[in-house]
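Below you'll find the structure, written out as C-alpha cells, and then a few comments.
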Amino acid sequence: MQSGMITKNLPFKVGQTMTVVGIPELDCPEFQINIGSDEFTIGLHFNPRFDYGEDHNTVVCNSFQDLTWGEEVRGRNFPFRQGQEFKVIITFTPTEFVITLSDGSTINFPNRIGAKEYSVINVRGKVSLISLQIK
C-alpha cells in the first residue's frame with residue numbers, strides 16, 4: 001500500500017528552502033518527494049531507492065513535463081536507512097534545486113521547467129513524514 005501526503009496551493013518560491021524530515025518504513029523499496037505545478041508538471045522528482053527495479057541504494061532525480069520524463073540525475077551518496085530518520089534540505093534557486101542530504105552531500109538538479117514558483121508538493125511511498133517546512 002502506498003502512503004503519502006499531497007499539498008496543493010503551498011507556494012515554494014525561488015529563494016526559499018524546504019526541509020523534509022521523515023522515516024522510511026523497514027520494508028520501504030523507495031519513496032518520492034515531488035515538487036511541481038500539478039501532477040503532470042513536476043519540476044523536481046526526488047526518489048531515494050533502497051531496492052526498486054534495478055536500482056539499489058541510489059538517489060534518482062528527474063523532472064516530468066508534457067507526459068515525458070527528462071534525463072535522470074543520480075546522486076553519488078546514499079545516506080538513507082530504512083527505519084531511520086532522514087533530513088533533506090532543498091534550496092530553490094532561479095536555475096536549480098540544490099538538495100542537501102543528511103550526510104552533508106549535495107545534488108544539483110536543474111530547474112528545467114524554469115518556473116519561479118511551484119505549488120504542489122507530494123511525498124509518496126512507505127515513509128512517515130515528520131515535518132515539512134518552507135522558509
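By the UniProt record's numbering, the letter at position 97 of the sequence shown is numbered 97, and the numbering carries on one by one without gaps. Ideal Cβ positions, reconstructed from N, Cα and C, are used throughout, including at glycine. Please read all numbers here as calculations on a predicted model, not as lab measurements.
query = Under 7 Å, do I113 and G15 count as touching if we go by C-beta distance?
reply = Taking 7 Å as the Cβ cut-off, I113 and G15 do not qualify as a contacting pair.
task = Can you tell me the Cβ-Cβ gap for F12 and E117, rounded? I've got them flagged as a contact below 8 Å.
result = 7 Å
Assigned secondary structure, K87 (DSSP; H/G/I helix, E/B strand, else coil) = strand
Nearest-angstrom Cα separation, counted from V59 out to I134 = In this structure, the straight-line span from the alpha carbon of I134 to that of V59 is close to 22 Å.
ask   = Quick one: what's got a C-beta closer than 6 Å to T7's C-beta in the same chain, skipping five residues either side?
value = I121
query = How should F31 be labelled, buried or exposed, when 16 other C-beta atoms within 10 angstroms of its C-beta is the threshold for buried?
reply = buried
inquiry  = If contacts are defined as beta-carbon pairs under 8 Å, then G70 and N62 qualify, I think. What distance do you get, rounded to the angstrom?
reply    = 6 Å
inquiry  = Residues in the same chain with beta-carbon distance under 8 Å from Q2, minus the five sequence neighbours each way, listed in chain order, please.
reply    = The pLDDT assigned to Q2 is 46, lower than 50, so where the model puts this residue is not dependable, and the model offers no usable value.
Residue span of the beta strand (DSSP E) that contains N108, given as start and end = T106 to P110
inquiry  = Suppose the cutoff is 6 Å on Cβ atoms and the five residues either side in sequence are ignored; what does the same chain contact list for D51 look like?
reply    = P29
ask   = Measuring CB to CB, does I90 end up less than 7 Å from M18?
value = Cβ distance < 7 Å, so I90 and M18 count as in contact.
Length of the line joining the Cα atoms of I23 and K87 = Roughly 9 Å between the two C-alpha positions.
ask   = At what residues does the beta strand (DSSP E) containing L67 begin and finish?
value = From DSSP, L67 is part of no beta strand (DSSP E); its letter is neither H nor E.
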